[in-house]
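A.B. asks: Got a structure here, written out as structure tokens. Questions coming.
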Amino acid sequence: MEFIFFITSGLFLGWSLGANDAANIFGTAVGTRMVRFRTAALIGSVFVILGAMMQGSGTTRTLSQLGSIDTLGGAFTAALCSAIVVTVMTWKKLPVSTGQAIVGAIIGWSFFTSTPVDFSVLTKIVGSWVTGPILGAFFSALLYLLMRRIIRRTSIHVIKLDIYIRLALIITGAFGAYSLGANNIANVMGVFVNSISLTVHFGKFTFSTIQLLFFLGGISIALGIATYSKKVMETVGNGVLSLTPETAIVVVLSQALVLFLFSSTSLYNFLSHFGLPPIPLVPVSSTQVVVGALIGIGFVRGVQEIRFEMLGQIALGWLLTPVLSGFLTFLTLFFMQNVFDVAVSGHERINSGTDLTPKIQNIIHLPANTDRLLTIAAIGIFLLSALVLLLHYRRNRLKMAANEKKLAEQIQYTDYQKALSEIELNNIRMENTSMAEHLEEKRKELVTFALNIGEMKQFLEVLSDSIEAADQEQNLQRKHELLHAELVRIRQKMSFTHEVEHIYKQAEQIHSDFVSRLALRFPDLTEHERRLMVLLRNGFSSKEISPVLNISPKSVEISRYRLRKKLNLRKDENLTQFINAI
Amino acid sequence: MFARANKSIELINKFLNCVDQSLLLFKDGVKNYLYRDQGNFASNLRSLANSEMESDVLRREIENTLYTQSLMPQLRGDIMRLLEEMDNLIDQAKKNLFQFDVEMPNIPAELIPDMIKLTQISTSAAESVIPAAKSYFSEPANVSEKIHRVYFFEKETDLLADVIRRKIFREMPELKLSEKFHLRYFTLHIENISDIAEKVADLLTIMAIKRTV
Chain B
5 MEFIFFITSG
15 LFLGWSLGAN
25 DAANIFGTAV
35 GTRMVRFRTA
45 ALIGSVFVIL
55 GAMMQGSGTT
65 RTLSQLGSID
75 TLGGAFTAAL
85 CSAIVVTVMT
95 WKKLPVSTGQ
105 AIVGAIIGWS
115 FFTSTPVDFS
125 VLTKIVGSWV
135 TGPILGAFFS
145 ALLYLLMRRI
155 IRRTSIHVIK
165 LDIYIRLALI
175 ITGAFGAYSL
185 GANNIANVMG
195 VFVNSISLTV
205 HFGKFTFSTI
215 QLLFFLGGIS
225 IALGIATYSK
235 KVMETVGNGV
245 LSLTPETAIV
255 VVLSQALVLF
265 LFSSTSLYNF
275 LSHFGLPPIP
285 LVPVSSTQVV
295 VGALIGIGFV
305 RGVQEIRFEM
315 LGQIALGWLL
325 TPVLSGFLTF
335 LTLFFMQNVF
345 DVAVSGHERI
355 NSGTDLTPKI
365 QNIIHLPANT
375 DRLLTIAAIG
385 IFLLSALVLL
395 LHYRRNRLKM
405 AANEKKLAEQ
415 IQYTDYQKAL
425 SEIELNNIRM
435 ENTSMAEHLE
445 EKRKELVTFA
455 LNIGEMKQFL
465 EVLSDSIEAA
475 DQEQNLQRKH
485 ELLHAELVRI
495 RQKMSFTHEV
505 EHIYKQAEQI
515 HSDFVSRLAL
525 RFPDLTEHER
535 RLMVLLRNGF
545 SSKEISPVLN
555 ISPKSVEISR
565 YRLRKKLNLR
575 KDENLTQFIN
585 AI
Chain G
18 MFARANKSIE
28 LINKFLNCVD
38 QSLLLFKDGV
48 KNYLYRDQGN
58 FASNLRSLAN
68 SEMESDVLRR
78 EIENTLYTQS
88 LMPQLRGDIM
98 RLLEEMDNLI
108 DQAKKNLFQF
118 DVEMPNIPAE
128 LIPDMIKLTQ
138 ISTSAAESVI
148 PAAKSYFSEP
158 ANVSEKIHRV
168 YFFEKETDLL
178 ADVIRRKIFR
188 EMPELKLSEK
198 FHLRYFTLHI
208 ENISDIAEKV
218 ADLLTIMAIK
228 RTV
């Protein structure tokens, strides 16, 4: 019972970590509704526990090296003070990291119990606070460039891209949760590792202290994710840290990689095996790595996009959190020891983690005299140089791109002018065609007119000769017959058959498509009715149609009436409108 | 999941083709009206009305698919707005052609080439929006260079429309004032197409910036 009571502070810290830090992993995915909260919480919870159980020992050992809290009372106080600092600072919207809070608490405990602090370990931890965000920036810059290149080169349709992004968000989220569990479980349960020793039997399985603590810590983080992170995720997705899903993949992956590197015992052993400087196994603040990753993306997109106040926030977090946490722990330990009479320190002081459970010792073989500070500085300098080179390369590329853009704009402008000239040319062609048709029409009219004049002249000459012959005729009856014949000829000529035919032909030519449609739709029409319809289509009134068809206006009206009957038109339907609509 | 995505892609492509076809019909319709080809004009009008109906159906189907299948939660609002604005192009084209049919404006022969040119440039602005929209879906980085074409044609449309209006009011005393007003409205109607295209271009620019990684 005592054990359960004392670790509640650690569980509270775990709950707080889950509630806040899960938003760094799934915040954008849930906030932008790309992934449902239920899916995110389930994946996050499972992978946090897996990470804690499978890879949480490395960072725990480093924290134990900093200060091995050897009583439950001391561990409870340190975890509780860290949790209070984290909660209050989160509430006051100040930058905070669980890792920095717990480090401050351990130092506070060391000062209170007069346990010497291992400054080489402290340097290693503080160094990781700097290298973590820098590494995050480096990874995110590289991944961002890579992702941008892939998206631009592949030209995937936005809908398909949406599906790929969802899958990527889930996979990177799972990796992020795993790394969070692996790296940050030390913050939650690290202080309890040396304060208790118990073994739990569950059927055929036996759980050691570390396994049990990591499992409970993992569960507490998972509970934080499941119960409270939704609110934080929705705020992150739509608020200050609002990212596009593509950027979120890069940020989460960078953060997961950094946390993984700082917690992978296999990588540590691998590098040590080859005599390379290993990456220290230290709990890193996921929020600060995220900020570093955002700055890395800002570098790639252009320096003007970087919010430099974020750097100030990180620095403030580095200073404020451990100081506050250490001070609070010191004070609380005083009360715990003197007021509540709780033992906060054992008799044996542990300086270098020699009392650690054999399991942890077997996993890690630290090289004895590695200069950690130098390693961290070297990595930092290397990353910074790489970043500067990257920026230089990018600046040159931007310059070239700007020149290319200018050239492309000039070409584009020429293209537009060309397109405009083509439109004008087409118009002129169209106009010329129309004019040529008009000219041809006029020419035909002129020819017809000239022919008519010739014909008329010929007719009048014949008429003149005939009248002259009739005038010279002596026989009165014969004279009368000749004059009558000429009169008949004149009357025949007055019907203007040729001219009417010409007018009709012209009307048909103008509406050639109408004539063909008419024949298809009303095959039973007589020639007279067809002509009447063509003239009506041309806008001729009854009065104008009368001389053309050589009938009286009254007869035109009768013809129109008959036509209506034949076309089955209702009383309210207009004949001209009906013809125009054909 | 991918089958649903393919269906949505197909619907969007169909919609864009529908916009393209409607603009061609509009252009042809105005030309037929101006050259007094009543038969073909009526046929253009009918086809454009059908095209407008089809585009409405497609737009609703796309909206339905995007929302029911929860596709692109962040972008679908913008995409639906884009499709709505593009649908406005078809609506405006149809409205304009119907106005020609109903009001039958008397366009003097000397204005016909200018009116045809105005129609062509205005629809060119709208036609240029289609490749830009297609580019937004696959290559958002290329949208801006395609959008320039829209702005260019829109500006040219405005200039030509001004020239036509000046000609109507200053160089054609034989026209009645009512006829001048009537003609001015028709230049404005045609000009509206390029104005809507410009709106779509503005929207596309912002959308492309949002999508640019």
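Protein sequence lines, in the order shown, are assigned to chains B and G. Take 5 as the starting number for the first sequence in the working numbering and just add one per residue. Take 18 as the starting number for the second sequence in the working numbering and just add one per residue. Even for Gly, the Cβ is constructed at its ideal location relative to N, Cα and C.
Counting only C-beta atoms, is N436/B closer than 7 Å to chain G at any point?
C.D. replies: Chain G contact via Cβ: absent.
A.B. asks: Cβ of I106/B within 7 Å of Cβ of G330/B?
C.D. replies: No, the pair does not count as a contact, with Cβ atoms beyond the cut-off.
A.B. asks: Please confirm whether V47/G and M103/G have their CB atoms less than 7 Å apart.
C.D. replies: Not closer than 7 Å, so no.
A.B. asks: With DSSP run on the structure shown, which of helix, strand or coil describes E352/B?
C.D. replies: For E352/B, the predicted model reports a pLDDT of 44, less than 50, meaning its position is unreliable; a value from the coordinates is still stated below. It is coil, neither helix nor strand.
A.B. asks: Can you check whether the C-beta of K403/B is within less than 7 Å of a C-beta belonging to chain G?
C.D. replies: Not one chain G Cβ lies under 7 Å of K403/B.
A.B. asks: Answer yes or no: do S267/B and T81/B have a C-beta to C-beta separation smaller than 7 Å?
C.D. replies: Against a cut-off of 7 Å, the Cβ pair of T81/B and S267/B comes out as no contact.
A.B. asks: For a quick check, are the C-beta atoms of V538/B and S550/B less than 7 Å apart?
C.D. replies: No. Outside cutoff.
A.B. asks: Is DSSP giving H199/G helix, strand or coil here?
C.D. replies: Note: H199/G maps to helix in three-state DSSP.
A.B. asks: Under 7 Å Cβ-Cβ, which residues of chain B neighbour I207/G?
C.D. replies: Chain B residues near I207/G: none, gap ~14 Å exceeds 7 Å.
A.B. asks: Quick one: give me the first and last residue of the beta strand (DSSP E) that F123/B is part of.
C.D. replies: Run containing F123/B: none in the beta strand (DSSP E); it sits in the alpha helix (DSSP H), F123 to T158.
A.B. asks: Got a sec, what are the start and stop residues for the beta strand (DSSP E) H205/B sits in?
C.D. replies: Element bounds for H205/B: V204 to F206.
A.B. asks: Within the 7 Å Cβ cut-off, does A25/G reach chain B?
C.D. replies: According to the sequence displayed, residue 25/G carries Ser and not Ala. Taking Cβ atoms only, chain B reaches closer than 7 Å to S25/G, which makes this a yes.
A.B. asks: Under the rule that 16 or more other beta-carbon atoms within 10 Å means buried, what is F334/B, buried or exposed?
C.D. replies: It is buried - the Cβ of F334/B has at least 16 other Cβ atoms within 10 Å.
A.B. asks: Interface residues of chain B around G56/G at Cβ under 9 Å?
C.D. replies: The contacting residues are H515, D517, F518, R521 and I586.
A.B. asks: Under the DSSP definition of a beta bridge, which residues are partnered with F209/B?
C.D. replies: F209/B pairs with F206/B.
A.B. asks: What residue does the alpha helix (DSSP H) around R574/B start on, and which one ends it?
C.D. replies: Here R574/B belongs to no alpha helix (DSSP H), and DSSP marks it neither H nor E.
A.B. asks: In whole angstroms, give me the CA-to-CA distance for A181/B and A141/B.
C.D. replies: If you take the alpha carbons of A181/B and A141/B, they lie about 19 Å apart.
A.B. asks: Between L337/B and G78/B, how many whole angstroms is the CB-CB distance? I'm expecting something under 8 Å.
C.D. replies: So it is a contact: roughly 7 Å between Cβ atoms.
A.B. asks: Suppose the cutoff is 8 Å on Cβ atoms and the five residues either side in sequence are ignored; what does the same chain contact list for L177/G look like?
C.D. replies: Closer than 8 Å at the Cβ level, and outside the excluded window around L177/G, lie D131, K134, L135 and I138.
A.B. asks: Classify R170/B as buried or exposed, calling it buried when 16 or more other Cβ atoms lie within 10 Å of its own Cβ.
C.D. replies: Classification for R170/B: buried.
A.B. asks: Could you check which residue in F264/B, Q104/B and D74/B has the C-alpha nearest to that of C85/B?
C.D. replies: Comparing Cα-Cα distances from C85/B to each of F264/B, Q104/B and D74/B, the minimum goes to Q104/B.
A.B. asks: Assign R541/B to one of two classes, buried (16 or more other C-beta atoms within 10 Å of its C-beta) or exposed (fewer than that).
C.D. replies: When all chains shown are included, R541/B counts as buried.
A.B. asks: Can you tell which of F32/G, I223/G and A142/G has the C-alpha that lies nearest to the C-alpha of Y153/G?
C.D. replies: The candidate whose alpha carbon is nearest that of Y153/G is I223/G.
A.B. asks: Mind reading off the beta-carbon distance from S211/G to A143/G? Whole number of angstroms is fine, and I expect it under 8 Å.
C.D. replies: Sure, about 7 Å apart at Cβ, within 8 Å.
A.B. asks: Straight-line CA distance for K446/B to L487/B?
C.D. replies: Using only the alpha carbons, I get a separation of about 39 Å.
A.B. asks: DSSP three-state label for P130/G, please.
C.D. replies: Looking at P130/G - three-state DSSP - the assignment turns out to be helix.
A.B. asks: Can you tell me the Cα-Cα spacing of L202/B and Q341/B, whole angstroms?
C.D. replies: When rounded, the distance between both Cα atoms is 24 Å.
A.B. asks: May I have the straight-line CA-CA distance separating I189/B from N28/B, to the nearest angstrom?
C.D. replies: Approximately 16 Å between the Cα atoms of the pair.
A.B. asks: For L62/G and P122/G, I'd like the C-alpha separation in whole angstroms.
C.D. replies: Roughly 16 Å between the two C-alpha positions.
A.B. asks: Using a Cβ-Cβ distance under 7 Å, would T36/B count as near chain G?
C.D. replies: Yes, because at least one Cβ of chain G sits closer than 7 Å to the Cβ of T36/B.
A.B. asks: Within 8 Å, do at least three Cβ pairs link the stretch 101 to 120 of chain G to the stretch 185 to 192 of chain G?
C.D. replies: At 8 Å Cβ cutoff, the stretches do not touch.
A.B. asks: When you compare the CB positions of L15/B and T102/B, do they come within less than 7 Å of one another, or not?
C.D. replies: No; because the gap between Cβ atoms is not below 7 Å, this pair is not in contact.
A.B. asks: Quick one: is F463/B buried, meaning 16 or more other Cβ sit within 10 Å of its Cβ, or exposed?
C.D. replies: Exposed: under 16 other Cβ atoms inside 10 Å.
A.B. asks: Please report the straight-line C-alpha distance between A83/B and A390/B, rounded to a whole angstrom.
C.D. replies: Their Cα atoms are separated by approximately 39 Å.
A.B. asks: With 7 Å as the threshold, decide whether the Cβ of H484/B is near any Cβ in chain G.
C.D. replies: So no, H484/B is outside the interface.
A.B. asks: Would DSSP call L46/B helix, strand or coil?
C.D. replies: If DSSP states are grouped into helix, strand and coil, L46/B belongs with the helices.
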